[in-house]
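In my numbering, the protein residues as written are 111 to 465.
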Ligand SMILES: *Cc1c(COP(=O)(O)O)cnc(C)c1O
């Protein structure tokens, strides 16, 4: 059986050695040595100023909204994983959907301004599939209207824009380190910001607002990453070169064989890629469903990332139509990519699709 993705498992011996260290330290969570090492290594690896590890990518978003005191409406994309929207609603914010560009599949900056009202407090775009957004144009609009920008960068681990980390744009970027993501800590995530004051505030927010043994400085929650998560992260980080090399190879194999037959998202010309996903666009939902059925008959399970378009979520009151996103959601399918997938598997998948 071939699923859309499989978590990367580092050598068990290596993970065991890290877990033994946790046993020796008897430090299981709360700013432990593994967490500190992983924060430092990720800060360097990604080329960012402040990176705060948290226990999942959804809490990373929630903490980011809280840290920037967001209120009222946020302008966001309808083409993403449901967590982008659900975290906003959970925090009492109203998502207002700016439709996407049909080539990049990211929020189209030209659609933002008409949606800005007195109630708008932020723009929350997503670098979908790791494809960098139009970060400069988005920042210009944010500056003009004094809005915060939070990038849901759950897919953008290691991605660069104009030679520097794409995580350095906006007020805050958030990452997810869920097992299915490119880099993972089983469950996990991070909040990234260039602003040192904001970073300090975030560190309080994720630890009940506690700033000293007998001091509670603010309201807070518990969003801490534990030492076992960090141990997994350290092992996976060691193997990033191997992970990226294999994913690029699979990606290139797919592209070579499918180019001309199926459309793929247009990558930002100033952005690097991390090969986290391999989305293809069918001409119609009918063709997508036919291909999906044939693949399933062969025990191959691609996923409809993303479906449905988030503006159509049943719990939303909003009636905004985003026709481009709705159309893309019906026609986009993510094909399997993971380190243990073979070239032979990819060839088999391609053959079925083309037939
Ligand atoms: C995975 C994901 C999240 C949520 O991250 P979790 O770690 O699973 O909570 C948020 N946004 C996007 C775009 C994602 O893909």
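Glycine included, each C-beta is placed from N, C-alpha and C at the ideal position.
Residue environment, residue 127, which counts as buried when at least 16 other CB atoms sit within 10 Å: exposed
Going along the chain, which residues of its own chain have a beta-carbon closer than 8 Å to the beta-carbon of residue 164, five neighbours each way excluded? 170, 173, 298, 299, 300, 301, 316, 333, 334, 335
Going by Cα to Cα distance, which pick from 262, 245, 421 is closest to residue 208? 421
Less than 8 Å between the beta carbons of residue 389 and residue 415, yes or no? yes
Residue of 182, 380, 314 minimising C-alpha distance to residue 246: 380
Closest by C-alpha distance to residue 442, when choosing among 418, 220, 113, 218: 418
Whole runs of the alpha helix (DSSP H) within the region 222 to 284, excluding any shorter than 4 residues: 245 to 255
Could you compute how far the alpha carbon of residue 358 sits from the alpha carbon of residue 186? 30 Å
If you check the beta carbons only, do residue 295 and residue 343 fall under 8 Å apart? yes
Three-state secondary structure (DSSP) of residue 203: coil
For residue 400, name the three-state secondary structure that DSSP assigns. helix
Thinking C-alpha only, which one of 345, 386, 275 is nearest residue 290? 386
Following a CB-centred definition, is residue 297 positioned closer than 7 Å to any heavy atom of ligand 1? yes
Look up residue 299 in the DSSP assignment and say whether it is helix, strand or coil. strand
Determine the closest residue to residue 368 out of 213, 184, 182, 457, with distance taken between C-alpha atoms. 457
Exposed or buried, what is residue 337 when buried is set at 16 or more other beta-carbons lying within 10 Å of its beta-carbon? buried
Is the beta carbon of residue 195 within less than 7 Å of some heavy atom of ligand 1? no
Distance, residue 155 Cα to residue 525 Cα: Absent from the model: residue 525. The displayed extent of the chain is 111 to 465, so no value can be given.
Span of the beta strand (DSSP E), counted from its first residue to its last, around residue 391: 388 to 391
Per DSSP, what are the beta-bridge partners of residue 381 in this structure? 271
In whole angstroms, give me the CA-to-CA distance for residue 462 and residue 200. 41 Å
beta-carbon residue 236 near ligand 1 non-hydrogen atom, thresh 7 Å: yes
Under 6 Å Cβ to Cβ from residue 413, same chain only, skipping five residues before and after it: list those, please. 114, 444
Closest residue to residue 238 among 229, 228, 269 (Cα-Cα distance): 269
Residue range of the unbroken beta strand (DSSP E) whose run includes residue 115: From DSSP, residue 115 is part of no beta strand (DSSP E); its letter is neither H nor E.
Report yes if the C-beta distance between residue 281 and residue 180 is below 8 Å; otherwise report no. no
Residue 383 and residue 240 closer than 8 Å at C-beta: yes
Less than 8 Å between the beta carbons of residue 162 and residue 313, yes or no? yes
In its own chain, which residues sit with a C-beta less than 6 Å from the C-beta of residue 213, not counting the 5 before and 5 after it? 376
Just the Cα atoms here: how many angstroms apart are residue 446 and residue 123? 27 Å
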